[in-house]
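Take the sequence shown: its position 182, counting from 1, is numbered 183 in our numbering, and each next residue is one higher. Have a look at the structure below before the remarks.
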Amino acid sequence: MTKTPQQVRLHLKEFTQLLFSSETSYIELKDALDTFKNLLIEVSELNLESEDSSENVLLKKGKAIGTKWAAMCIEDLIRTKKFISAVKKAIDRKLDKDTSKPVTLLYAGTGPFATLVLPLTSLYSPQQLQLVLLEVNEFSFTNLCSLLNKLELNDYIQTIEKVDATEYVVENPNIDILLIECLQHALLREPQVAITLNLVPQLQPGVILIPEKISLHLCLVNSRLQYESLTNLDAEGESFYESIFEVFTLNKESCSNPESLLSEKMFTIDSEINKEYNQIAVFTEMQLFEDEILNFNESGLTLPLTIAENPGLKIGDKIVSKYLLNEDPRLDIKIKPIA
(Lines of atoms letter the chains of each structure in order from A; the text may use other names.)
(Lines give C-alpha, C1' and ligand atoms only; values in the text may rest on other atoms or scores of the structure.)
Protein backbone atom coordinates (compact mmCIF):
# COMPACT_ATOMS: atom_id res chain seq x y z
CA MET A 2 0.00 0.00 0.00
CA THR A 3 1.61 3.25 -1.12
CA LYS A 4 -0.71 5.45 0.96
CA THR A 5 -0.55 5.48 4.75
CA PRO A 6 -3.60 4.33 6.75
CA GLN A 7 -4.13 7.95 7.79
CA GLN A 8 -4.14 9.12 4.16
CA VAL A 9 -6.65 6.45 3.14
CA ARG A 10 -8.91 7.25 6.08
CA LEU A 11 -8.79 10.91 5.04
CA HIS A 12 -9.97 9.90 1.54
CA LEU A 13 -12.67 7.84 3.24
CA LYS A 14 -13.83 10.87 5.20
CA GLU A 15 -13.91 13.06 2.08
CA PHE A 16 -15.95 10.43 0.24
CA THR A 17 -18.41 10.16 3.14
CA GLN A 18 -18.86 13.94 3.26
CA LEU A 19 -19.59 13.97 -0.48
CA LEU A 20 -22.05 11.12 -0.04
CA PHE A 21 -24.12 13.00 2.51
CA SER A 22 -23.86 16.49 1.02
CA SER A 23 -27.10 17.76 -0.50
CA GLU A 24 -25.03 19.74 -3.00
CA THR A 25 -23.30 16.70 -4.54
CA SER A 26 -24.41 16.13 -8.14
CA TYR A 27 -25.10 12.72 -9.66
CA ILE A 28 -21.90 12.89 -11.73
CA GLU A 29 -19.80 13.93 -8.72
CA LEU A 30 -21.22 11.08 -6.68
CA LYS A 31 -20.62 8.55 -9.47
CA ASP A 32 -17.00 9.70 -9.81
CA ALA A 33 -16.56 9.56 -6.03
CA LEU A 34 -17.93 6.00 -5.90
CA ASP A 35 -15.56 4.89 -8.67
CA THR A 36 -12.63 6.46 -6.83
CA PHE A 37 -13.77 4.86 -3.56
CA LYS A 38 -14.00 1.41 -5.15
CA ASN A 39 -10.60 1.70 -6.84
CA LEU A 40 -9.03 2.90 -3.59
CA LEU A 41 -10.34 -0.14 -1.69
CA ILE A 42 -9.11 -2.47 -4.43
CA GLU A 43 -5.68 -0.82 -4.33
CA VAL A 44 -5.36 -0.83 -0.54
CA SER A 45 -6.49 -4.43 -0.09
CA GLU A 46 -4.56 -5.57 -3.20
CA LEU A 47 -7.64 -7.42 -4.38
CA ASN A 48 -7.12 -9.29 -7.65
CA LEU A 49 -10.46 -9.19 -9.43
CA GLU A 50 -9.08 -11.15 -12.38
CA SER A 51 -8.31 -14.28 -10.37
CA GLU A 52 -10.60 -17.30 -10.70
CA ASP A 53 -11.20 -17.29 -6.95
CA SER A 54 -12.72 -13.81 -7.09
CA SER A 55 -15.47 -14.94 -9.49
CA GLU A 56 -16.44 -18.10 -7.61
CA ASN A 57 -19.89 -18.10 -6.01
CA VAL A 58 -20.48 -20.08 -2.82
CA LEU A 59 -23.44 -22.46 -3.02
CA LEU A 60 -25.30 -22.81 0.27
CA LYS A 61 -28.26 -24.90 1.41
CA LYS A 62 -30.49 -21.83 1.27
CA GLY A 63 -29.09 -19.68 -1.50
CA LYS A 64 -25.99 -18.50 -3.31
CA ALA A 65 -23.34 -16.17 -1.88
CA ILE A 66 -21.98 -14.21 -4.83
CA GLY A 67 -18.31 -14.16 -5.76
CA THR A 68 -15.96 -11.46 -4.49
CA LYS A 69 -15.71 -9.76 -7.88
CA TRP A 70 -19.49 -9.36 -8.18
CA ALA A 71 -19.80 -8.21 -4.55
CA ALA A 72 -17.15 -5.53 -5.15
CA MET A 73 -19.03 -4.30 -8.22
CA CYS A 74 -22.19 -3.70 -6.16
CA ILE A 75 -20.65 -0.38 -5.12
CA GLU A 76 -21.35 0.83 -8.66
CA ASP A 77 -25.13 0.69 -8.05
CA LEU A 78 -25.09 4.33 -7.02
CA ILE A 79 -28.61 4.76 -5.63
CA ARG A 80 -28.38 1.48 -3.71
CA THR A 81 -25.05 2.38 -2.13
CA LYS A 82 -26.04 5.93 -1.18
CA LYS A 83 -29.41 5.00 0.29
CA PHE A 84 -28.15 1.95 2.22
CA ILE A 85 -25.30 3.92 3.82
CA SER A 86 -27.69 6.77 4.60
CA ALA A 87 -30.10 4.31 6.22
CA VAL A 88 -27.34 2.82 8.36
CA LYS A 89 -26.21 6.27 9.49
CA LYS A 90 -29.76 7.26 10.45
CA ALA A 91 -30.18 4.03 12.42
CA ILE A 92 -26.89 4.58 14.28
CA ASP A 93 -27.89 8.15 15.10
CA ARG A 94 -31.29 6.95 16.32
CA LYS A 95 -29.64 4.50 18.74
CA LEU A 96 -27.04 7.03 19.92
CA ASP A 97 -29.77 9.60 20.56
CA LYS A 98 -31.37 7.14 22.99
CA ASP A 99 -28.18 6.10 24.80
CA THR A 100 -24.68 7.56 24.48
CA SER A 101 -23.27 5.58 27.42
CA LYS A 102 -22.34 2.60 25.24
CA PRO A 103 -21.45 1.98 21.59
CA VAL A 104 -24.04 0.98 19.05
CA THR A 105 -23.44 -2.66 18.08
CA LEU A 106 -24.16 -3.41 14.43
CA LEU A 107 -24.26 -6.93 12.98
CA TYR A 108 -23.52 -6.89 9.24
CA ALA A 109 -24.30 -10.17 7.44
CA GLY A 110 -22.81 -10.53 3.96
CA THR A 111 -20.05 -7.93 4.08
CA GLY A 112 -18.38 -8.79 0.78
CA PRO A 113 -14.69 -7.86 0.44
CA PHE A 114 -15.07 -4.25 1.67
CA ALA A 115 -17.99 -4.04 4.15
CA THR A 116 -19.04 -1.22 1.83
CA LEU A 117 -22.18 -0.19 3.69
CA VAL A 118 -20.43 0.53 7.01
CA LEU A 119 -16.78 1.22 6.15
CA PRO A 120 -17.36 4.92 5.25
CA LEU A 121 -19.12 5.45 8.58
CA THR A 122 -15.93 4.71 10.52
CA SER A 123 -14.92 8.23 9.45
CA LEU A 124 -17.92 9.67 11.34
CA TYR A 125 -18.00 7.58 14.52
CA SER A 126 -15.37 6.49 17.02
CA PRO A 127 -14.97 2.90 18.27
CA GLN A 128 -16.58 4.13 21.49
CA GLN A 129 -19.69 4.94 19.44
CA LEU A 130 -19.75 2.04 16.97
CA GLN A 131 -18.86 -1.64 17.26
CA LEU A 132 -19.20 -4.12 14.40
CA VAL A 133 -19.98 -7.83 14.17
CA LEU A 134 -19.06 -8.85 10.62
CA LEU A 135 -20.15 -12.09 8.92
CA GLU A 136 -19.04 -13.30 5.48
CA VAL A 137 -19.22 -16.84 4.08
CA ASN A 138 -17.04 -16.37 0.97
CA GLU A 139 -13.46 -17.15 2.00
CA PHE A 140 -11.89 -14.92 -0.66
CA SER A 141 -14.07 -11.95 0.40
CA PHE A 142 -13.46 -12.67 4.09
CA THR A 143 -9.68 -12.78 3.68
CA ASN A 144 -9.71 -9.54 1.70
CA LEU A 145 -11.87 -7.78 4.29
CA CYS A 146 -9.58 -8.84 7.15
CA SER A 147 -6.59 -7.52 5.19
CA LEU A 148 -8.35 -4.23 4.44
CA LEU A 149 -9.33 -3.63 8.07
CA ASN A 150 -5.77 -4.36 9.21
CA LYS A 151 -4.22 -2.04 6.65
CA LEU A 152 -6.61 0.78 7.55
CA GLU A 153 -6.00 0.16 11.27
CA LEU A 154 -9.73 -0.15 11.94
CA ASN A 155 -9.68 -3.23 14.15
CA ASP A 156 -10.76 -1.21 17.20
CA TYR A 157 -14.21 -1.08 15.57
CA ILE A 158 -14.44 -4.86 15.26
CA GLN A 159 -16.13 -6.81 18.02
CA THR A 160 -16.21 -10.01 15.96
CA ILE A 161 -15.41 -10.97 12.38
CA GLU A 162 -16.25 -14.50 11.26
CA LYS A 163 -16.26 -16.59 8.10
CA VAL A 164 -19.62 -18.25 8.54
CA ASP A 165 -22.91 -19.08 6.82
CA ALA A 166 -25.26 -16.47 8.29
CA THR A 167 -28.29 -18.70 7.56
CA GLU A 168 -27.03 -20.99 10.34
CA TYR A 169 -25.15 -18.53 12.56
CA VAL A 170 -25.81 -18.64 16.30
CA VAL A 171 -25.58 -15.15 17.78
CA GLU A 172 -23.31 -14.98 20.82
CA ASN A 173 -24.34 -11.47 21.83
CA PRO A 174 -28.12 -10.98 21.49
CA ASN A 175 -27.78 -7.29 22.44
CA ILE A 176 -27.32 -6.23 18.84
CA ASP A 177 -28.72 -2.76 18.12
CA ILE A 178 -28.78 -2.86 14.31
CA LEU A 179 -29.01 -5.86 11.99
CA LEU A 180 -27.83 -5.09 8.44
CA ILE A 181 -28.37 -7.77 5.79
CA GLU A 182 -27.63 -7.17 2.12
CA CYS A 183 -27.55 -10.60 0.47
CA LEU A 184 -30.14 -10.21 -2.24
CA GLN A 185 -31.02 -9.65 -5.86
CA HIS A 186 -34.19 -8.23 -7.38
CA ALA A 187 -37.35 -10.17 -6.49
CA LEU A 188 -35.35 -11.88 -3.70
CA LEU A 189 -33.87 -14.28 -6.24
CA ARG A 190 -31.07 -16.78 -5.57
CA GLU A 191 -29.34 -15.15 -2.60
CA PRO A 192 -30.12 -16.03 1.04
CA GLN A 193 -31.62 -12.73 2.29
CA VAL A 194 -34.82 -14.38 3.50
CA ALA A 195 -33.06 -17.32 5.15
CA ILE A 196 -30.56 -15.06 6.95
CA THR A 197 -33.31 -12.73 8.16
CA LEU A 198 -35.41 -15.64 9.43
CA ASN A 199 -32.40 -17.06 11.27
CA LEU A 200 -31.05 -13.90 12.90
CA VAL A 201 -34.07 -11.75 13.78
CA PRO A 202 -35.60 -14.22 16.29
CA GLN A 203 -32.25 -14.42 18.12
CA LEU A 204 -32.06 -10.68 18.76
CA GLN A 205 -33.78 -8.26 21.13
CA PRO A 206 -37.20 -6.90 20.07
CA GLY A 207 -35.84 -3.36 19.72
CA VAL A 208 -33.23 -4.26 17.11
CA ILE A 209 -33.36 -2.12 13.95
CA LEU A 210 -33.51 -4.31 10.84
CA ILE A 211 -32.04 -2.94 7.59
CA PRO A 212 -33.77 -3.28 5.17
CA GLU A 213 -36.69 -2.57 7.48
CA LYS A 214 -39.20 -3.95 4.97
CA ILE A 215 -38.88 -5.70 1.60
CA SER A 216 -42.09 -5.94 -0.43
CA LEU A 217 -42.65 -7.97 -3.59
CA HIS A 218 -45.54 -6.76 -5.74
CA LEU A 219 -47.17 -8.52 -8.66
CA CYS A 220 -47.56 -5.91 -11.39
CA LEU A 221 -49.10 -5.65 -14.83
CA VAL A 222 -46.68 -4.15 -17.34
CA ASN A 223 -47.14 -2.34 -20.64
CA SER A 224 -43.84 -3.20 -22.33
CA ARG A 225 -44.25 -0.47 -24.97
CA LEU A 226 -44.54 2.26 -22.34
CA GLN A 227 -41.74 0.64 -20.38
CA TYR A 228 -39.46 0.83 -23.42
CA GLU A 229 -40.41 4.47 -23.97
CA SER A 230 -39.60 5.28 -20.34
CA LEU A 231 -36.14 3.75 -20.79
CA THR A 232 -35.32 5.40 -24.11
CA ASN A 233 -36.81 8.84 -23.46
CA LEU A 234 -35.78 10.12 -20.05
CA ASP A 235 -37.77 13.33 -20.55
CA ALA A 236 -41.01 11.49 -21.22
CA GLU A 237 -43.83 12.31 -18.83
CA GLY A 238 -46.39 9.81 -20.03
CA GLU A 239 -48.54 7.41 -18.05
CA SER A 240 -46.98 4.82 -15.79
CA PHE A 241 -45.95 1.61 -17.57
CA TYR A 242 -47.11 -0.65 -14.73
CA GLU A 243 -49.94 -1.23 -12.27
CA SER A 244 -49.49 -3.07 -8.99
CA ILE A 245 -52.29 -5.58 -8.43
CA PHE A 246 -51.13 -7.57 -5.38
CA GLU A 247 -48.46 -7.35 -2.69
CA VAL A 248 -47.47 -11.02 -2.59
CA PHE A 249 -44.57 -11.15 -0.10
CA THR A 250 -43.39 -8.95 2.76
CA LEU A 251 -40.19 -9.50 4.73
CA ASN A 252 -39.88 -7.53 7.97
CA LYS A 253 -39.51 -8.15 11.71
CA GLU A 254 -43.21 -8.81 12.09
CA SER A 255 -43.39 -11.43 9.32
CA CYS A 256 -40.27 -13.13 10.71
CA SER A 257 -42.21 -13.87 13.89
CA ASN A 258 -44.42 -16.25 11.90
CA PRO A 259 -42.23 -18.00 9.29
CA GLU A 260 -44.87 -20.65 8.54
CA SER A 261 -47.28 -17.96 7.39
CA LEU A 262 -44.54 -16.06 5.54
CA LEU A 263 -43.56 -19.12 3.52
CA SER A 264 -47.06 -20.50 3.00
CA GLU A 265 -48.87 -20.56 -0.32
CA LYS A 266 -51.00 -17.46 -0.98
CA MET A 267 -53.86 -17.16 -3.47
CA PHE A 268 -55.13 -13.97 -5.12
CA THR A 269 -58.15 -13.54 -7.40
CA ILE A 270 -58.45 -11.16 -10.35
CA ASP A 271 -61.64 -9.23 -9.51
CA SER A 272 -61.72 -6.53 -12.20
CA GLU A 273 -61.22 -6.17 -15.94
CA ILE A 274 -57.58 -6.03 -17.07
CA ASN A 275 -56.50 -3.33 -19.53
CA LYS A 276 -55.41 -5.20 -22.67
CA GLU A 277 -52.46 -2.81 -23.09
CA TYR A 278 -50.78 -4.68 -20.24
CA ASN A 279 -48.94 -7.54 -21.94
CA GLN A 280 -46.67 -8.80 -19.15
CA ILE A 281 -46.79 -9.80 -15.51
CA ALA A 282 -43.72 -8.95 -13.46
CA VAL A 283 -42.54 -9.01 -9.86
CA PHE A 284 -41.51 -5.56 -8.64
CA THR A 285 -39.42 -5.03 -5.51
CA GLU A 286 -39.64 -2.14 -3.06
CA MET A 287 -37.37 -1.73 -0.04
CA GLN A 288 -37.89 0.49 2.96
CA LEU A 289 -34.30 0.53 4.20
CA PHE A 290 -34.94 2.66 7.30
CA GLU A 291 -37.65 5.25 7.82
CA ASP A 292 -37.67 7.54 4.74
CA GLU A 293 -34.73 5.85 2.99
CA ILE A 294 -36.59 3.84 0.35
CA LEU A 295 -35.46 2.03 -2.79
CA ASN A 296 -38.43 2.39 -5.10
CA PHE A 297 -39.48 0.23 -8.04
CA ASN A 298 -36.95 0.30 -10.88
CA GLU A 299 -34.60 2.65 -9.00
CA SER A 300 -31.70 0.23 -8.48
CA GLY A 301 -30.46 -3.12 -9.69
CA LEU A 302 -32.10 -4.51 -6.55
CA THR A 303 -35.55 -3.26 -7.58
CA LEU A 304 -35.65 -3.97 -11.32
CA PRO A 305 -38.82 -5.76 -12.46
CA LEU A 306 -38.64 -9.52 -13.01
CA THR A 307 -40.91 -10.60 -15.87
CA ILE A 308 -42.68 -13.88 -15.13
CA ALA A 309 -45.25 -14.14 -17.94
CA GLU A 310 -45.79 -12.74 -21.44
CA ASN A 311 -49.29 -12.07 -22.77
CA PRO A 312 -50.97 -13.74 -19.78
CA GLY A 313 -54.52 -12.91 -20.90
CA LEU A 314 -55.82 -12.54 -17.35
CA LYS A 315 -59.59 -12.54 -16.87
CA ILE A 316 -61.93 -11.82 -13.96
CA GLY A 317 -61.95 -14.89 -11.73
CA ASP A 318 -58.46 -16.09 -12.65
CA LYS A 319 -56.33 -16.96 -9.65
CA ILE A 320 -52.67 -16.29 -9.00
CA VAL A 321 -50.86 -18.54 -6.54
CA SER A 322 -47.60 -17.42 -4.97
CA LYS A 323 -45.17 -19.12 -2.61
CA TYR A 324 -41.64 -18.18 -1.59
CA LEU A 325 -39.38 -21.21 -1.99
CA LEU A 326 -36.62 -21.40 0.62
CA ASN A 327 -34.08 -23.87 -0.76
CA GLU A 328 -30.70 -23.88 -2.53
CA ASP A 329 -32.26 -21.69 -5.25
CA PRO A 330 -34.62 -19.37 -3.34
CA ARG A 331 -37.23 -17.47 -5.32
CA LEU A 332 -40.85 -16.43 -5.46
CA ASP A 333 -42.83 -19.07 -7.34
CA ILE A 334 -45.86 -17.73 -9.23
CA LYS A 335 -48.54 -19.81 -10.93
CA ILE A 336 -51.56 -18.57 -12.88
CA LYS A 337 -54.73 -20.67 -12.59
CA PRO A 338 -57.33 -19.64 -15.20
CA ILE A 339 -60.98 -19.75 -14.18
CA ALA A 340 -62.65 -22.98 -15.28
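Glycine included, each C-beta is placed from N, C-alpha and C at the ideal position.
Whole angstroms are fine: how far does the CA of serine 322 sit from the CA of lysine 266?
If you take the alpha carbons of lysine 266 and serine 322, they lie about 5 Å apart.
Going straight from the alpha carbon of isoleucine 336 to that of serine 244, what length do you get?
16 Å
If we cut at 8 Å on Cβ distances, does phenylalanine 21 have a partner in chain C?
Within the model displayed, chain C is absent; a lone protein chain is all it includes.
How big is the Cα-Cα spacing for glutamate 254 and histidine 218?
18 Å
Assumed close pair leucine 179, leucine 145 - CB separation to whole angstroms, cut-off 8 Å
No, leucine 179 and leucine 145 are not in contact; Cβ-Cβ is about 18 Å, not under 8 Å.
Could you tell me how far apart the beta carbons of asparagine 223 and glutamate 277 are, in whole angstroms, since I believe they sit closer than 8 Å?
With a Cβ gap of about 5 Å, asparagine 223 and glutamate 277 count as contacting.
Euclidean distance between Cα positions of leucine 119 and glutamate 24
Taking the Cα positions, leucine 119 is about 22 Å away from glutamate 24.
Rounded to a whole number of angstroms, what is the C-alpha to C-alpha distance between methionine 287 and leucine 106?
Each residue's alpha carbon lies about 20 Å from the other.
Nearest to leucine 19 by alpha carbon, out of Val9, Leu30, Arg190 and Glu46?
Checking every option, the nearest Cα to that of leucine 19 belongs to Leu30.
Please report how far the alpha carbon of alanine 115 lies from the alpha carbon of glutamate 293, in whole angstroms.
19 Å
Which residue wins for smallest C-alpha separation from leucine 325, given the options Asn252, Leu130, Leu188 and Glu139?
Leu188
Taking only the alpha-carbon atoms, compute the straight-line gap between aspartate 32 and histidine 186 and give it to the nearest angstrom.
25 Å
Got a sec? Which residues, its chain only, sit under 6 Å from serine 300 by beta carbon, not counting five neighbours each side?
Asp77, Ile79 and Arg80
Considering Cα atoms alone, identify which of Glu291, Gln280, Asn298 and Gly317 is closest to isoleucine 308.
Gln280
Continuous beta strand (DSSP E) stretch holding glutamate 247: start and end:
242-252
Report buried or exposed for phenylalanine 27, applying the criterion of at least 16 other Cβ atoms within 10 angstroms of its Cβ.
The identity of residue 27 in the sequence shown is tyrosine, whereas the question assumes phenylalanine. Around the C-beta of tyrosine 27, fewer than 16 other C-beta atoms lie within 10 Å, and the residue is accordingly described as exposed.
Can you check whether the CB of glycine 67 is closer than 8 Å to the CB of serine 51?
no
Classification of asparagine 199 by the beta-carbon crowding that lies within 10 angstroms, buried from 16 upward:
buried
Terminal residues of the continuous alpha helix (DSSP H) containing threonine 36?
27-45
Just to check my reading of the structure: glutamate 291 and lysine 83 have Cβ atoms closer than 8 Å, yes? What is that Cβ distance to the nearest angstrom?
Going by Cβ atoms, the distance from glutamate 291 to lysine 83 rounds to 11 Å, so no, they are not a contact pair.
Please state the DSSP three-state secondary structure of valine 58.
Residue state, collapsed to three classes: strand.
Helix, strand or coil at tyrosine 108 according to DSSP, with G and I counted as helix:
strand
Extent of the continuous alpha helix (DSSP H) run through glutamine 7
6-21
Proximity below 8 Å, CB of threonine 111 to CB of leucine 135:
yes
Taking buried to mean at least 16 other C-beta atoms within 10 Å of its own C-beta, is leucine 231 buried or exposed?
exposed
Bridge partners of histidine 218, per DSSP?
Glu247 and Phe284
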